[in-house]
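Student: In terms of the working numbering, the sequence shown opens at residue 607 and continues consecutively. The beta carbon of each residue, even a glycine, is placed where N, CA and C say it ideally should be.
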Amino acid sequence: MKIYNTLSKKAEDFIPIEKNKVSIYTCGPTVYNYAHIGNLRTYVFEDFLIRTLEFLGYEVKRVMNITDVGHLTSDSDEGDDKMELGAQREGKTAWDIAKFYTEAFFRDFKELNCQMPQFTPKATEHIPEMIEMIKKLEQKGYTYKTSDGIYFDTSKFKDYYKLMGKSHIEGLKEGARVEFSKEKKNITDFSLWKFSPKDKKRQMEWNSPWGVGFPGWHIECSAMSIKYLGQPFDIHAGGVDHIPIHHTNEIAQAEAANEKPFANYWIHGEFLVLKSSEKMSKSSGNFLTLSSLKDSGFSPMDYRYFCSQAHYSKQLEFSFEAMESAKNGYNHLKNSAEEIISKTNEMEPNKNLKHYQEFVKAVSEDLNIPKAVSVLWETIRDKNITEKEKLWLINEFDKVFGFKLTENAEEEIPSEIIDLVNQRTEYKKQKNYQKADEIREIIKQKGYEVKDTPKGPKVKKI
Ligand code: AMP
Ligand code: ZN
């Protein structure tokens, strides 16, 4: 497989550290609010990546953290902790906020059919590991103390800019970090440990060799990824916004502390943008969530299909019109798959089929999911392959897409409807067609449709 590595700025052949195995870390959510659909695009992209690696035969070990402390409102180490702000906003404790939004996040994650990572460590449960890492950095002379915390001196780390590349550096100086504290030695220095404010009691704070406080956001990811995956590990992924600060700092800490490379491949997903070019921001409070999409009549699968329409390295513009056409596309796909399943439930594997090979090529070339989707469409339209081959292809491709194309639709049908369908089948057996039709009508009024197929009745939501 070829992947574009942000570190080398090139598409490279993917060579794992251990044959046929992949260790991957993806930055998880900061759980102070619901995930917005921009965040969710990144998780869907990462899920396509994981599923592709598995499809290509790798055994994947994935870690996705939960940031439940330490992510400040400003990237320049100023401002409040987003968790504590969330607590103030909702009149709950920071711990309750974390629990509530972690659960909400995993609900969205599962509804989008994203596969659960093997490890989902919480930052608040890994404070000792972070302290150990900061101690190592201190011993090696990378840290200094200011009035508000322990900082990493980026001028001491050779190659600090290697991930972001030269083009980012000027922007950095003028942009995001202008408001930097006078006590910092360099504009790019960042906090490893922040002291609790003297005048205010924080809800989340811990003892440390430097005083009571809480960890910086970046140290969380370095400490937790190394704990579960070792160093180096294969792939680190996340959204493009993290290249110049968060991921750059993760590398600096990990490589300075342990004197070896941190992660071999860095893969970054581009942003979902709104048509009006407004930034989708979780902290502004005004954003679209999976629930708001559902309220507007779109299913999580419609959104997943929408995400498959653009290459992960390209921005994807959100609009309700575009969602509408994604919904139509997805329904068409699902109906086509159901039609094939109504004719056969047998699959005929054939890896020599042109479509199979094209699909493998598409996903192997830097995760070209839009191209892979077009192969799926060609497969569905192809009249020269058998239904059994088609079903096998769709089933294989859906291991990567996760569109639930061959899942039994009846699984999601309420038991009340299933009972009605069974009653109708009974009446049909007794040749009481009038009663059977009446029940079909009741089922319809409840929002479902029954179709008779050679394999028995099929029900689906209208
Ligand atoms: P957060 O919960 O804010 O830490 O962000 C979670 C993930 O969403 C990170 O990997 C970000 O890079 C990513 N992200 C944030 N905004 C967007 C967006 N508009 N489009 C795509 N990904 C985003
Ligand atoms: Zn991270």
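Considering only the alpha carbon of each residue, which of THR992, GLU696, ASP795 and LEU1011 lies closest to ILE1000?
Tutor: LEU1011
Student: Could you pull the DSSP bridge partners for PRO821 from this structure?
Tutor: TRP799
Student: Is it the case that the CB of ASP674 approaches a heavy atom of the ligand AMP more closely than 7 angstroms?
Tutor: no
Student: Using a 10 Å radius around the Cβ and a threshold of 16 neighbouring Cβ atoms, would you call GLU730 buried or exposed?
Tutor: Looking at the sequence provided, one finds Thr at residue 730 rather than Glu. Under this definition THR730 is a buried residue.
Student: Short of 7 angstroms in beta carbon distance, which residues of its chain neighbour GLY771, apart from the five on each side in sequence? Order them along the chain.
Tutor: These residues qualify, in order along the chain: LYS615.
Student: Please go through the segment 888-921 and give each complete alpha helix (DSSP H) segment of 4 or more residues, from N-terminal end onward.
Tutor: 896-901 and 906-913
Student: Output the distance between the C-alpha atoms of TRP812 and ASP754, rounded to the nearest integer angstrom.
Tutor: Near 15 angstroms, if we compare the C-alpha coordinates of ASP754 and TRP812.
Student: Which residues share a DSSP beta bridge with PRO1063?
Tutor: ASP1058
Student: Is the beta carbon of GLU856 within less than 7 angstroms of some heavy atom of the ligand ZN?
Tutor: yes
Student: Using a Cβ-based criterion (distance less than 7 angstroms to any ligand heavy atom), does TRP877 qualify as near the ligand AMP?
Tutor: In the sequence on display, residue 877 carries Phe and not Trp. Yes, the beta carbon of PHE877 sits closer than 7 angstroms to at least one heavy atom of the ligand AMP.
Student: Evaluate GLU865 with the Cβ neighbour count: other Cβ atoms within 10 Å of its Cβ, from every protein chain shown; 16 or more gives buried, anything less gives exposed.
Tutor: exposed
Student: Contact between the segment 649-666 and the segment 718-725 is defined here as three or more beta-carbon pairs at a separation below 8 angstroms; is this criterion met?
Tutor: yes
Student: In chain order, what are the residue ranges of uninterrupted alpha helix (DSSP H) at least 4 long that sit wholly in the segment 984-1036?
Tutor: 993-1007 and 1021-1035
Student: Assuming the contact rule is C-beta atoms closer than 8 angstroms, GLU922 and ILE643 should be a hit. Round their C-beta distance to whole Å, please.
Tutor: It is worth fixing the name first, because residue 922 is Leu in this sequence and not Glu. Going by Cβ atoms, the distance from LEU922 to ILE643 rounds to 10 angstroms, so no, they are not a contact pair.
Student: Leaving out the 5 sequence neighbours to the left and right, which residues in its chain are closer than 7 angstroms to PRO803 when beta-carbon positions are compared?
Tutor: Around PRO803: no qualifying Cβ.
Student: Is the CB-CB distance between VAL675 and PHE904 below 8 angstroms?
Tutor: no
Student: Of the choices MET736, GLY1062, PHE715 and LYS967, whose alpha-carbon is the least far from that of LEU659?
Tutor: LYS967
Student: Quick one: is HIS938 buried, meaning 16 or more other Cβ sit within 10 Å of its Cβ, or exposed?
Tutor: exposed
Student: Thinking C-alpha only, which one of ILE733, TYR1033 and LYS1066 is nearest MET810?
Tutor: Comparing Cα-Cα distances from MET810 to each of ILE733, TYR1033 and LYS1066, the minimum goes to ILE733.
Student: Along the chain, where does the beta strand (DSSP E) containing VAL666 start, and where does it finish?
Tutor: 665-670
Student: What first and last residue would you give for the alpha helix (DSSP H) that runs through GLY935?
Tutor: 926-949
Student: Keeping to the same chain, check which residues put their C-beta closer than 6 angstroms to that of GLY845; ignore five residues upstream and five downstream.
Tutor: THR648 and GLY875
Student: Can the beta-carbon of TRP799 be found closer than 8 angstroms to that of ILE851?
Tutor: no
Student: Short of 6 angstroms in beta carbon distance, which residues of its chain neighbour GLY817, apart from the five on each side in sequence? Order them along the chain.
Tutor: Only PHE801 meet the Cβ criterion.
Student: Would you say the beta carbon of ASN645 comes nearer than 7 angstroms to a heavy atom of the ligand NAD?
Tutor: This structure lacks the ligand NAD; its bound ligands are the ligand AMP and the ligand ZN.
Student: Buried or exposed for PHE620, please, with buried defined as at least 16 other CB atoms from any protein chain shown within 10 angstroms of its CB.
Tutor: It counts as buried.
Student: Would you mind listing the alpha helix (DSSP H) stretches within the segment 677-747 that are 4+ residues and don't spill past its ends, in chain order?
Tutor: 688-696, 700-717 and 733-745
Student: Helix, strand or coil, according to DSSP, for LYS616 in the structure here?
Tutor: strand
Student: Measuring CB atoms only, is the segment 824-839 touching the segment 852-862, in the sense that at least three cross pairs come out at less than 8 angstroms?
Tutor: yes
Student: Assuming contact is defined by CB atoms lying nearer than 8 angstroms, are THR679 and GLY634 in contact in what I supplied?
Tutor: no
Student: For HIS642, which beta-bridge partners are listed by DSSP?
Tutor: In DSSP, HIS642 forms no bridge with anything.
Student: Would you tell me roughly how many angstroms separate the C-alpha atoms of LYS960 and GLU984, rounded to the nearest one?
Tutor: 11 angstroms
Student: Is ASP702 close to the ligand AMP? I mean its beta-carbon at under 7 angstroms from any heavy atom of the ligand.
Tutor: No - the ligand AMP has no heavy atom lying nearer than 7 angstroms to the Cβ of ASP702.
Student: Taking the Cβ atom as the reference point for each residue, do ARG657 and LYS1005 lie within a distance shorter than 8 angstroms?
Tutor: The answer is yes: Cβ separation under 8 angstroms.
Student: Could you tell me which residues DSSP puts in a beta bridge with ASN611?
Tutor: LYS616
Student: Indicate, with yes or no, if the ligand ZN has a heavy atom lying under 7 angstroms from the CB of GLY845.
Tutor: no
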